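First comes the structure, then the notes that go with it.
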Amino acid sequence: MSEQNASWKEYIKESMLPQMWCSGCGNGIVLGALARAMAKLNLEKNKVVVVTGIGCWGKADDYFTCSALHGTHGRALAFATGVKAANPELDVIVLMGDGDGVTIGGNHLIHAARRNIDLTVVLLNNNNYGMTGGQASALTPLGMVTSTTKYGNPERDLDICSLVDAAGANYVARGTVYHVPQLDKLISDGINKKGFSFIEALSPCPTHFGRRNKLGDAVKMVKTLKENAVNVNSSQAQEGDLKEGSFLIGKLAERYDDDFNTAYEKIRQKIKTK
Amino acid sequence: MNGQESSKVFMQGNAAIAEGAVAAGARFYAGYPITPSSEVAELASQKMLETGGVYVQMEDELGSIAAVIGAALTGKKAFTATSGPGFSLMQENLGVAILGEVPCVVVNVQRSGPSTGLATKPAQADVMQACWGRHGDQLVIVLTPASVQECFDLTVTAFNLSEQFRVPVILLADEIVGHMREAITLPRPEELKVVNRKKPDCAAEKYLPFSPSSDGVPPLASFGSDYIFHITSSMHGESGYSQNDPANAGEKIKRLFSKIEDRLDEFVLYKHYYDLQEDLDLLIITFGCTTRPARAAAMRVGDKKIGVLQLITMWPFPDKIVAQAAAKTRAILVPELNLGQVIREVERVAGKQTPVYGLHKSNGEGFKPSEIIARIEEVTK
Chain A
0 MSEQNASWKE YIKESMLPQM WCSGCGNGIV LGALARAMAK LNLEKNKVVV VTGIGCWGKA
60 DDYFTCSALH GTHGRALAFA TGVKAANPEL DVIVLMGDGD GVTIGGNHLI HAARRNIDLT
120 VVLLNNNNYG MTGGQASALT PLGMVTSTTK YGNPERDLDI CSLVDAAGAN YVARGTVYHV
180 PQLDKLISDG INKKGFSFIE ALSPCPTHFG RRNKLGDAVK MVKTLKENAV NVNSSQAQEG
240 DLKEGSFLIG KLAERYDDDF NTAYEKIRQK IKTK
Chain B
0 MNGQESSKVF MQGNAAIAEG AVAAGARFYA GYPITPSSEV AELASQKMLE TGGVYVQMED
60 ELGSIAAVIG AALTGKKAFT ATSGPGFSLM QENLGVAILG EVPCVVVNVQ RSGPSTGLAT
120 KPAQADVMQA CWGRHGDQLV IVLTPASVQE CFDLTVTAFN LSEQFRVPVI LLADEIVGHM
180 REAITLPRPE ELKVVNRKKP DCAAEKYLPF SPSSDGVPPL ASFGSDYIFH ITSSMHGESG
240 YSQNDPANAG EKIKRLFSKI EDRLDEFVLY KHYYDLQEDL DLLIITFGCT TRPARAAAMR
300 VGDKKIGVLQ LITMWPFPDK IVAQAAAKTR AILVPELNLG QVIREVERVA GKQTPVYGLH
360 KSNGEGFKPS EIIARIEEVT K
């Protein structure tokens with residue numbers, strides 16, 4: 000590892016560009032944030048495994064120059080758990096969307112956080128299933144229109160950061176594609192943090208969610224993210240005090256509990272010294 | 000048990016599976032407990048800690064097989080054990096292991112169903128699920144043990160074949176065999192044939208994880224080594240990146256079949272309890288827990304020449320062995336603890352020239368020799 004920070008370009012596979020996402024999609028911004036975080040930490044490419052699920056954001060592994068495992072819908076965390084538990088030396092970064100990571104994959108998310116396995120999740124929340132055609136997910140807010148909730152969503156959405164915090168993750172944060180330098184830092188801090196790290200990245204889907212809900216173009220949607228975000232560092236506000244539609248961004252929870260591999264090794268040492 | 004001598008031990012079938020896995024080099028287990036396979040997990044949780052491996056109790060079977068695949072890609076030999084309902088949950092991700100050519104072993108200690116059914120009672124009704132459970136065109140290897148010794152030996156074989164062919168191997172046991180206790184011989188480590196996956200030896204930047212060598216099986220690197228590679232559940236080319244053109248897809252699927260089928264003769268395992276040169280009045284074709292009562296029945300019916308052929312490699316189906324045996328018998332009897340799964344394969348191979356009779360039971364009980372004797376008398380009248 001050199002003293003000099005690596006260039007983010009080393010982590011992006013240029014031959015795969017341009018990216019396949021719709022115009023105005025925020026995925027590319029999160030991709031850049033992740034590449035810059037990897038560069039800032041000088042990660043050794045052959046020690047990084049990017050694990051993805053299914054969906055728009057699940058295609059992100061194609062653009063990285065490190066190893067990757069693209070699994071099935073909702074199961075990215077379970078694949079990643081096997082990778083990390085079997086080889087603790089690896090930096091394992093898990094990329095999931097809200098449909099993939101929370102809706103179908105919610106059970107794995109709760110248990111990966113409880114197990115405190117040393118993974119870094121970058122969960123891209125665009126409030127709907129983009130790749131499948133804009134259907135409702137568990138993070139589609141109440142009343143919003145999607146291709147499967149044409150008269151409004153009858154179900155409430157989940158505050159996924161609170162859930163992951165309650166499940167015991169060592170690091171929980173939320174960022175947006177407007178607040179890019181902060182998102183870079185939240186991701187690099189998450190990778191650096193031992194134990195389960197979870198970063199929710201709010202990102203617009205103008206093609207489906209924005210269009211159906213008349214939220215304007217991509218620029219308007221990003222501006223809305225800017226206006227509704229309340230930084231935890233610059234505010235005493237609690238999630239409950241926020242006005243409707245607003246949300247906290249920044250580091251939301253931090254713990255220093257042993258990660259799974261450390262806890263497992265401690266037990267192994269105990270039986271050795273018996 | 001860890002000494003240098005081969006040793007005679009009294010052991011349960013499920014315990015022999017866990018011992019066999021450790022002997023074969025397994026150092027990762029992810030699973031979710033389910034009767035009648037749970038003893039495999041219980042022993043694995045202990046053995047993995049003791050041998051430097053890792054045990055993870057996952058939240059469900061979908062996650063268990065996914066974790067096994069992730070671990071296998073770091074270079075570990077990885078396995079899981081389950082029973083019918085859990086095996087159903089593993090099917091989707093078994094497809095990932097097939098298309099991604101990831102070696103791993105899945106033990107299914109069958110129980111009665113459908114659904115929760117008679118949860119702790121024996122059955123052999125997952126044969127077709129093991130062979131065909133996944134969607135899409137695909138091929139796995141299925142092995143069926145009939146004794147505690149075979150539980151040990153075939154678990155080692157399962158790991159060896161999975162490593163050799165980069166394919167998931169299913170050890171299809173059943174409740175009777177899994178919970179049976181008997182004396183077995185554990186070989187010395189040097190007596191044991193252990194196969195490890197082929198690793199790449201090319202320059203790191205030249206590595207293509209799906210470029211087959213002469214035997215149709217590509218070398219497999221490990222995550223964390225000098226080789227950087229992509230594994231995807233989507234159709235892919237030799238580089239491991241998605242590739243959707245029909246020519247590539249057709250070739251890939253064909254290779255996944257031919258890498259196994261072309262070498263089937265090397266690992267068709269079976270046992271025959273009769274002289275193969277002899278002409279028979281009746282051949283009983285068995286697998287797993289039907290073997291012992293069938294042998295007892297064959298011995299007790301003294302006035303007819305009756306042979307017992309035990310199928311061990313169940314999938315790909317051993318057409319050649321069954322056809323050869325069928326040519327030397329007047330009739331075939333297939334007893335199985337289901338309403339007719341293996342008999343259809345036997346009829347496909349031998350039914351045109353040899354009458355094939357079934358004996359089927361699906362009430363959560365095993366066969367008694369007397370039931371098989373009664374059926375023998377009916378069909379050889």
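Residue numbers (numbering that gives the first Met the number 0), protein chains in the order written: chain A, 0 to 273; chain B, 0 to 380. In this text, a Cβ means the ideal position worked out from N, Cα and C, and glycines have one as well. Values in this document were obtained by computation on a predicted structure and should not be read as measured data.
Check: Whose Cβ in chain B lies nearer than 7 angstroms to the Cβ of arginine 173 (chain A)?
Finding: Residues of chain B passing the Cβ test: none, with the nearest at roughly 24 angstroms.
Next item on the list: For methionine 95 (chain A), collect the residues of the same chain with a Cβ closer than 6 angstroms to its Cβ; drop the 5 residues on either side in sequence, then sort them by chain order.
Entry: Gly52, Ala75 and Leu122
Margin query: Looking at the strands, I want to know which residues DSSP matches up with arginine 180 (chain B).
Written below: B:Gln11
Check: Of the choices A:Gly23, A:Asn86, A:Val171 and A:Cys65, whose alpha-carbon is the least far from that of glycine 51 (chain B)?
Finding: A:Asn86
Margin query: Cβ closer than 7 angstroms: which chain B residues qualify as neighbours of leucine 68 (chain A)?
Written below: Gly69, Leu72 and Ile230
Note to self: Just checking: is the beta-carbon of glutamate 88 (chain A) within a distance shorter than 8 angstroms of some beta-carbon in chain B?
What the structure shows: yes
Note to self: Distance cutoff 8 angstroms, beta carbons only. Does isoleucine 371 (chain B) sit that close to anything in chain A?
What the structure shows: no
Item checked: Residue burial classification, glutamate 190 (chain B) (beta-carbon count within 10 angstroms, cutoff 16) -> exposed
Margin query: Within 8 angstroms of any Cβ in chain A, is that where the Cβ of alanine 29 (chain B) sits?
Written below: yes
Notebook entry, point to check: Leaving out five residues before and five after aspartate 97 (chain A) in sequence, what residues of the same chain have Cβ atoms less than 6 angstroms from its Cβ?
Noted result: Asn124, Ser136 and Leu138
Check: Any idea if glutamine 352 (chain B) is buried or exposed, counting beta-carbon neighbours within 10 angstroms, 16 or more meaning buried?
Finding: exposed
Notebook entry, point to check: Using a C-beta cutoff of 8 angstroms, does isoleucine 227 (chain B) count as contacting chain A?
Noted result: yes
Checklist line | Closer than 8 angstroms to chain B by CB, tyrosine 128 (chain A) | finding: no
Note to self: Measuring alpha carbon to alpha carbon, tell me which residue in B:Val348, B:Ala373 and B:Ser238 is nearest alanine 210 (chain B).
What the structure shows: In the sequence as presented, alanine is not what sits at residue 210 (chain B); that position holds serine. Cα-wise, what sits closest to serine 210 (chain B) is B:Ser238.
Notebook entry, point to check: Does the distance from the CB of asparagine 227 (chain A) to the CB of methionine 143 (chain A) come in under 8 angstroms?
Noted result: no
Next item on the list: At 9 angstroms on the CB atoms, spell out the chain B contacts of asparagine 45 (chain A), in chain order.
Entry: Ala203, Phe222, Gly223, Ser224, Asp225, Tyr226 and Ile227
Notebook entry, point to check: Can you tell me whether DSSP reads arginine 173 (chain A) as helix, strand or coil?
Noted result: strand
Notebook entry, point to check: Would lysine 273 (chain A) count as contacting chain B if we go by Cβ distances under 8 angstroms?
Noted result: no
Note to self: Using beta carbons (cut-off 8 angstroms, strictly below), is phenylalanine 327 (chain A) in contact with chain B?
What the structure shows: For residue 327 (chain A) there is no data in the structure shown, the boundaries of chain A being 0 and 273.
Note to self: Between A:Thr71, A:Trp7 and A:Lys222, which has its C-alpha nearest glutamate 327 (chain A)'s C-alpha?
What the structure shows: Past the boundaries of the shown model lies residue 327 (chain A); chain A is included only from 0 to 273, so the question cannot be answered.
Notebook entry, point to check: What residues from chain B crowd round tyrosine 263 (chain A), counting only those whose CB sits closer than 9 angstroms?
Noted result: Leu48, Val53, Tyr54 and Val55
Next item on the list: Compute the Euclidean distance between the alpha carbons of valine 275 (chain A) and alanine 246 (chain B), then round it to the nearest angstrom.
Entry: Limits of chain A in this structure are 0 at one end and 273 at the other, which puts residue 275 (chain A) out of reach.
Next item on the list: Please list the partners that lysine 198 (chain B) has in chain A, where partner means a Cβ-to-Cβ separation under 8 angstroms.
Entry: What lysine 198 (chain B) touches in chain A: nothing, since even the nearest Cβ is about 15 angstroms away.
Check: Taking the beta strand (DSSP E) that alanine 67 (chain A) falls in, what are its first and last residues?
Finding: 66-69
Next item on the list: Step through the CB atoms of chain A and report whether any lies within less than 8 angstroms of the CB of alanine 66 (chain B).
Entry: yes
Next item on the list: Can you tell me the Cβ-Cβ gap for alanine 279 (chain A) and alanine 112 (chain A), rounded? I've got them flagged as a contact below 8 angstroms.
Entry: Look at the range of chain A in this structure, 0 to 273, and you will see that residue 279 (chain A) is not part of it.
Note to self: Cβ closer than 8 angstroms: which chain B residues qualify as neighbours of cysteine 65 (chain A)?
What the structure shows: Ile227
Next item on the list: Could you tell me whether the Cβ of isoleucine 159 (chain A) comes closer than 8 angstroms to any Cβ of chain B?
Entry: no
Margin query: 8 angstroms is my cut-off, CB to CB: does glutamate 162 (chain B) come that close to chain A?
Written below: no
Margin query: Judging by CA-CA distance, which residue of B:Glu49, B:Ser5, B:Asn92 and B:Leu88 is the nearest neighbour of serine 233 (chain B)?
Written below: B:Asn92
Notebook entry, point to check: Taking Cβ positions only, does isoleucine 270 (chain A) come closer than 8 angstroms to chain B?
Noted result: yes
Item checked: C-alpha gap between asparagine 195 (chain B) and asparagine 107 (chain B), whole angstroms -> 23 angstroms
Note to self: Distance check for valine 216 (chain B) and lysine 222 (chain A), CA to CA, integer angstroms please.
What the structure shows: 52 angstroms
Next item on the list: Within the same chain, show all residues whose beta-carbon is closer than 7 angstroms to that of valine 355 (chain B), passing over the 5 residues directly before and after it, in chain order.
Entry: Ile331, Val333, Ile342, Val345, Glu346 and Ala349
Notebook entry, point to check: Does tyrosine 240 (chain B) have its Cβ less than 8 angstroms from a Cβ in chain A?
Noted result: yes
Next item on the list: Could you have a look at tryptophan 314 (chain B) and say whether DSSP puts it in helix, strand or coil?
Entry: strand
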